[in-house]
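Residue numbers (full-length UniProt numbering): 1 to 85. Report on the structure given below.
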Amino acid sequence: MSTKCYILVKSHTEGMALFEFLRANAFDARVAPSPRQAHSECGMSLLCDCETIDSAMALASENGLSFGGKMEVEQTFDIHRNKFC
């Protein structure tokens, strides 16, 4: 299993601003649904590389962008589910 790292956001507007900022600064980020364990306010998060997430969050904070925090989730997706043959 692999670990996925998410930056949680409070609103869609905040999330899209953060997404555009991170992409403009050469960070790998993707818009994703919030993990179920997060109980996020808007249901949106940014999926980022676990190795660079801390530096991405620090740069965003320095530039006045806000976010809800980060969350690491162990991927539990079973690639063999619903295969019966």
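Glycine residues also receive a C-beta, built at the ideal position from the N, C-alpha and C atoms.
Whole-angstrom distance between residue j and residue i, CA atom to CA atom
i   : j   : result
V9  : H80 : 32 Å
D78 : K70 : 24 Å
P35 : A29 : 15 Å
T76 : L47 : 16 Å
S61 : F19 : 13 Å
M44 : N25 : 21 Å
One or two residues paired with residue i in a DSSP bridge
i   : result
R30 : L47
M71 : Y6
Reduced DSSP secondary structure (H/G/I, E/B, other) of residue i
i   : result
L65 : coil
T13 : helix
D54 : helix
E20 : helix
R81 : coil
Residue i Cβ short of 7 Å to the ligand HEM heavy atom set
i   : result
L47 : Among the components modelled here there is no ligand, and therefore nothing to report on the ligand HEM.
Burial state of residue i (16 or more Cβ within 10 Å)
i   : result
C5  : buried
G68 : buried
G64 : exposed
G15 : buried
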